[in-house]
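Worksheet for the structure shown next.
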Amino acid sequence: MRWAILSDIHGNLEALEAVKAALFKERIDKYLCLGDIVGYGANPRECIAEVRNLGAPTVAGNHDWAAVGLFDITYFNPTAGMAVLWTVQNISEHDKAYLKNLELTYQEDDLTLVHGSLNNPEKFEYILDIPSAKKTFELTQTKLCFIGHSHSPAIFIREGDNYSSTARLKLKLDPKQSYIVNAGSIGQPRDGNPRACFVIYDNETNELEIKRVAYDVGSAQAKIIKAGLPHILAERLATGR
Ligand code: ZN
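So in the numbering used here, spot 124 of the sequence shown is number 1333, and the numbers just go up one at a time.
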């Protein structure tokens, strides 16, 4: 079985289309989505429709929940809060019902999905380093736990009581180890690389790969400006920050 794991699309249809085009050449059996389909970008409706069309089991992100009143936007910085309010005005009741029904965690086969962390998934805490990864390692019952939220791809590894991280983008999984994999962000990367980020996992070859694809940043930026969203949301896409 070969999965594609998508995260933090954030209403960026150009980025999502580029990822889909790249994945159509990859013999993917199933798509999974780590949440934050909406927020920041100008095409939340279209991105929800695309994720639904892919048949991707999806967990809720803080922006998905904020757009339907399940997460308090006082936790957001002013720019993110403005984007949430814009999103509320620009998605349908049908879209809102879909976002409201997203679960916080999802498990199938040897993998788990959660947007932030398995401890208090409804609080959307960040896993940024080994100390913050430990609780999720303790709580996960599967070999792999995929996360999003920080918009920076990362791989944390546990082998017994030993924890480490790796900057490698391609990994052959070791049966003695378990993994937390941050799938980065499709629609608003923040690791200094503006290209859309996604992950492919194959449980037959036991290989996992973090991949990048370029997309039409200019078009996504122009839509953000035209929509009246904060300009910084357009500018940051060019630098991946
Ligand atoms: Zn996000």
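The beta-carbon is built from N, C-alpha and C at its ideal position, and this holds for glycine as well.
Just how far apart, CA to CA, sit residue i and residue j?
i     : j     : result
H1303 : K1385 : 44 Å
A1258 : L1348 : 32 Å
A1392 : A1213 : 10 Å
R1254 : R1404 : 22 Å
G1401 : Q1316 : 31 Å
K1344 : P1362 : 19 Å
A1227 : I1389 : 25 Å
C1256 : G1396 : 10 Å
S1387 : W1274 : 29 Å
E1444 : E1334 : 26 Å
P1330 : N1271 : 10 Å
A1276 : K1309 : 9 Å
L1337 : T1283 : 22 Å
V1297 : G1290 : 11 Å
C1406 : D1370 : 30 Å
Y1307 : G1248 : 15 Å
L1353 : I1246 : 22 Å
E1235 : T1448 : 27 Å
A1230 : S1341 : 34 Å
H1440 : T1321 : 35 Å
N1299 : L1225 : 18 Å
N1286 : K1239 : 34 Å
C1242 : G1325 : 13 Å
S1468 : S1301 : The structure shown has nothing for residue 1468, since the chain only spans 1210 to 1450.
I1434 : R1450 : 18 Å
N1221 : I1339 : 30 Å
Taking 7 Å as the cut-off, does the CB of residue i come closer than this to any heavy atom belonging to ligand 1?
i     : result
G1270 : yes
D1238 : no
D1400 : no
D1217 : yes
D1245 : yes
So, are the CB atoms of residue i and residue j less than 8 Å apart?
i     : j     : result
S1358 : R1399 : Checking the sequence, you will find His at residue 1358 rather than Ser. No; because the gap between Cβ atoms is not below 8 Å, this pair is not in contact.
I1356 : V1323 : yes
D1319 : T1267 : no
L1311 : G1244 : yes
E1418 : K1379 : yes
S1216 : S1373 : no
A1423 : W1295 : no
I1237 : R1211 : yes
K1432 : N1252 : yes
L1382 : N1415 : yes
Cβ of residue i versus every heavy atom of ligand 2: is any distance shorter than 7 Å?
i     : result
H1358 : The model depicted lacks ligand 2 and carries ligand 1 instead.
Quick one: does residue i have its CB under 8 Å from some CB of chain C?
i     : result
I1434 : The structure shown contains no chain C, having only a single protein chain.
From which residue to which residue does the alpha helix (DSSP H) around residue i run?
i     : result
D1273 : 1271 to 1275
Y1424 : Here Y1424 belongs to no alpha helix (DSSP H), and DSSP marks it neither H nor E.
Y1388 : Looking at the DSSP string, Y1388 is not in any alpha helix (DSSP H); the run it does join, the beta strand (DSSP E), is 1387 to 1391.
E1368 : Here E1368 belongs to no alpha helix (DSSP H); instead the beta strand (DSSP E) covers 1363 to 1368.
E1214 : Just to set this straight, residue 1214 is Ile in the shown sequence, not Glu. Counting along the chain, I1214 falls outside any alpha helix (DSSP H), though it belongs to the beta strand (DSSP E) covering 1211 to 1215.
I1282 : Counting along the chain, I1282 falls outside any alpha helix (DSSP H), and DSSP gives it neither H nor E.
K1309 : 1302 to 1309
From what residue to what residue does the beta strand (DSSP E) around residue i run?
i     : result
S1341 : It is not in any beta strand (DSSP E) - S1341 instead sits in the alpha helix (DSSP H) that spans 1339 to 1348.
A1405 : 1405 to 1411
K1234 : Segment: none, K1234 is in no beta strand (DSSP E) and carries neither H nor E.
Y1240 : 1239 to 1242
Q1316 : 1314 to 1317
V1260 : Note, V1260: premise wrong, no beta strand (DSSP E); alpha helix (DSSP H) at 1253 to 1262.
Throw me the rounded Cβ distance for the residue i and residue j pair, which I believe falls under 8 Å.
i     : j     : result
F1346 : R1377 : With 8 Å as the limit, F1346 and R1377 do not qualify as a contact, their Cβ atoms being about 19 Å apart.
G1264 : H1219 : Contact flag wrong, Cβ pair sits at about 21 Å.
L1438 : A1292 : 6 Å
A1269 : L1313 : 6 Å
E1223 : D1425 : 5 Å
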